[in-house]
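One structure below.
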Amino acid sequence: MSTFENEELYYIAKMREIVRTRSEALGRPMTACVVTFGCQMNARDSEKLEGVLSRAGFVITQEEDADFLIYNTCTVRDNADQRVFGRLGRVSHYKKRNPMMKVAVCGCMMQEASNVEKIKKSYPFVDLIFGTHNLYQFPRYLCGTFEGTGRVEDIWEAADRIVEDLPIRRKYSYKSGINIMFGCNNFCSYCIVPYVRGRERSREPREILREVETLAADGVKEIMLLGQNVNSYGTGLDTDVTFPMLLNEAASVKGIRRVRFMTPHPKDFSPDLIRVIRDNPVIARHVHLPLQSGSDSVLKRMNRRYTKQQYIDLAQRIRHEIPDVSITTDIIVGFPGETAADVDDTLDVIEKVGFDNAYTFIYSKRRGTPAARMEDQVPQDQVNAGFNRVLEAVQRNARMRSIALQGQVHEALVEEVNTRNEGYVSARLSNNMIVHVPGDASMIGKFYPVKLSECRGFYYFGEITGDERY
Ligand code: 5AD
Ligand code: SF4
């Protein structure tokens, strides 16, 4: 572990000077835009990129024709890659209009040599390329990009250390993600993450808790502990700490009203963790528990290390111990060799567990993963048929779970003004459900008791039944 210090701060100061002189010459502030693809981890990384950029004097904007534009990419499925290439196609026009503009691409996609090659060949206007392991060097790269003439490119094969205390510009005032670990050692056979995010590394608990305390002091009420496999938190640290211990401590920090976490692996979901969630009402009544498949033979080839029955038992134990919990999941359809009977098994789990929500993905072949080398890739029409069956079951179950809450009163945290319904704000329950209630921007970041009056499938319209809850 080390802190973000002299060298990086030197580059930020240097960049500030560049931004100041250029802004003066332009007669307007210089702007920067960070575009995020992918998961919560990437969203958190983008808050660090924005933190550096705003410290360097840039005005942060959502407009992509900014003076500095950076795409923080995801490569979990092929359509994530394609989205980035599609967006990049438009950037050359911005650059023609503003020749001083600098364009950067970073994140998971850049950890793959073929993507870097493609960018250099097809999008030669890109000025800066870096990956996931060296994000903390962003101030140095930023300076290099504005000072030099050529492209700056730096991709690392692995992380050298965990760097603490990067400046951060939070997207939301009242909630925040917190990295508790980086990387993944699970090697599910379809998944690119272990290759682009590297080996598992846990942050020191005292650093994490210090961050939670700082956030709480800054008005944050809800936090989400982030890791690719949070249940194995603590492995490799000198301190004897487990994920349930950390979760409990984070939930005990004064001022923190809700704690979420993402993502646990079913194979390591301990009875201890269930108990900690059950006994601490600050911990959200929501468990996201990726199933991927309900078929034992597919699970085995996915290297998931649990069986259909073990998953069902776990989900039922969670529901039994924490009756008001919502369980959501991820499902992949079309994994190599998957038959209609395998999909039946997935449907069986969906019916038995009754997920409150589920993300269903079509299997995407990722170069370099074991599954990409498997024979019997599933024909597209069979994939589509399976996908539709899974989607129907998922949606039907989610509606059933949702309608069961009709009329109940729950505490909800108001997140934002609802842009579709004038005079409404959108709030989130502890179980992660969204409810729209009449209100205005002054309510953002506050908790209210809300009656769930009108079920609209996966969300509710409701009404506030009392005063703000402190
Ligand atoms: N193809 C399809 N879906 C995938 N996921 C991860 N890798 C792939 C892939 N190659 C899904 C999993 C995971 C979620 C984040 O993305 O369901 O839980
Ligand atoms: Fe995408 Fe995975 Fe990287 Fe997150 S960690 S951005 S899901 S590839």
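Sequential numbering from 162 applies to the sequence shown in my numbering. The beta carbon of each residue, even a glycine, is placed where N, CA and C say it ideally should be.
#1: Note down the Cα distance separating Tyr524 from Met385, rounded to an integer number of angstroms.
#2: Counting beta carbon pairs with one atom in the region 242-250 and one in the region 204-224, are three or more of them shorter than 8 Å?
#3: Does the beta-carbon of Gly268, which I'm using as the reference point, lie nearer than 7 Å to any heavy atom of ligand 2?
#4: According to DSSP, is Phe622 helix, strand or coil?
#5: Classify Glu583 as buried or exposed, calling it buried when 16 or more other Cβ atoms lie within 10 Å of its own Cβ.
#6: Need the endpoints of the alpha helix (DSSP H) that Tyr302 sits in, please.
#7: Quick one: is the Cβ of Asn633 within less than 7 Å of any heavy atom of ligand 2?
#8: Less than 8 Å between the CB atoms is what I'm expecting for Met119 and Asp228, so what's the real figure, rounded?
#9: In whole angstroms, give me the CA-to-CA distance for Gln453 and Arg560.
#10: Residues in the same chain with beta-carbon distance under 6 Å from Val437, minus the five sequence neighbours each way, listed in chain order, please.
#11: I'd like to know whether the C-beta atoms of Val264 and Met271 end up nearer to each other than 8 Å.
#12: Taking Phe608 as the reference, which of Arg617, Phe622, Gly618, Ser591 has the closest Cα?
#13: Using 8 Å as the cut-off, can you tell me whether the region 279-289 makes contact with the region 322-335, which would need three or more C-beta pairs spanning the two stretches below that distance?
#14: Classify Glu615 as buried or exposed, calling it buried when 16 or more other Cβ atoms lie within 10 Å of its own Cβ.
#15: How many Å lie between Val503 and Ser458 at the Cα?
#16: Could you give the uninterrupted runs of the beta strand (DSSP E) lying entirely in the region 247-284, keeping only those of 3 residues or more?
#17: Could you give the DSSP three-state label for Gln453: helix, strand or coil?
#18: Give me the Cβ distance between Asn233 and Cys194, rounded to the nearest whole Å; I'm assuming they're in contact under 8 Å.
#19: Starting from Arg421, follow the beta strand (DSSP E) in both directions and report where the run begins and ends.
#20: Grab the span of the beta strand (DSSP E) containing Glu572 for me, first residue to last.
#21: Entirely within the region 535-605 and at least 3 residues each: give me those beta strand (DSSP E) ranges in chain order.
#22: Please name the residue, chosen from His426, Val373, Pro451, that lies closest to Ser413 on a Cα-to-Cα basis.
#23: Looking only at C-alpha atoms, which of Pro300, Asp506, Glu273 sits nearest to Glu318?
#24: I'd like to check one pair, Leu387 with Gly455: are the Cβ atoms closer than 8 Å?
#25: In angstroms, rounded to a whole number, what distance separates the CA positions of Val354 and Gly199?
#26: I believe His571 touches Val611 by the beta-carbon criterion, under 8 Å. Please report the beta-carbon distance rounded to the nearest angstrom.
#27: Which of the three DSSP states, helix, strand or coil, is assigned to Phe522?
#28: Any chance the region 503-512 sits against the region 524-539, with 3 or more Cβ pairs inside 8 Å?
#29: By DSSP, does Ala186 sit in helix, in strand, or in coil?
#30: Could you check what DSSP says for Asn464 in three-state terms: helix, strand or coil?
#31: Only counting the same chain, and skipping five residues up and downstream in sequence, which positions put a Cβ closer than 6 Å to that of Ile444?
#32: Suppose contacts are defined by Cβ-Cβ distances below 8 Å. Is Ser393 in contact with Glu361 by that definition?
#33: Skipping 5 residues on each side, what residues in its chain have a beta carbon closer than 7 Å to that of His294?
#34: What's the call for Ser334, buried or exposed, on a 16-neighbour Cβ count within 10 Å?
#35: Give the secondary structure of Arg362 by DSSP, where H, G and I count as helix, E and B as strand, and everything else as coil.
#36: Quick one, are the C-beta atoms of Ser363 and Gly395 less than 8 Å apart?
Reading it off the structure:
#1: 27 Å
#2: no
#3: Yes, ligand 2 has a heavy atom inside 7 Å of this Cβ.
#4: strand
#5: exposed
#6: 299-308
#7: Since the first residue shown for the chain is 162 and the last is 631, residue 633 is missing from the structure and cannot be characterised.
#8: This structure cannot speak to residue 119, because the chain is shown only from 162 to 631.
#9: 21 Å
#10: Cβ neighbours of Val437 beyond the five flanking positions: Pro405, Leu408, Asn409.
#11: no
#12: That would be Ser591, whose Cα lies nearest to the Cα of Phe608.
#13: Fewer than three pairs of CB atoms, one per stretch, sit closer than 8 Å, so the region 279-289 makes no contact with the region 322-335.
#14: exposed
#15: The residue you asked about is not Val; residue 503 is Asp in the sequence shown. Cα to Cα, the separation comes out at about 8 Å.
#16: 263-268
#17: Assignment of Gln453 by DSSP, reduced to helix, strand and coil, places it in the strand class.
#18: Asn233 to Cys194, Cβ: 11 Å. No contact.
#19: Its beta strand (DSSP E) spans residues 419-423.
#20: Run containing Glu572: 570-578, per the beta strand (DSSP E) assignment.
#21: 570-578, 585-590, 595-599
#22: Val373
#23: Distances from the alpha-carbon of Glu318 to those of Pro300, Asp506, Glu273 put Glu273 closest.
#24: With respect to Leu387, Gly455 sits apart: the two C-beta atoms are not nearer than 8 Å.
#25: Near 12 Å, if we compare the C-alpha coordinates of Gly199 and Val354.
#26: 6 Å
#27: Three-state DSSP puts Phe522 in a strand.
#28: no
#29: helix
#30: coil
#31: Ala412, Val420, Ile438
#32: yes
#33: Trp317, Ala319, Ala320, Gly359
#34: exposed
#35: strand
#36: In this structure, Ser363 sits near Gly395, with a CB-CB distance shorter than 8 Å.
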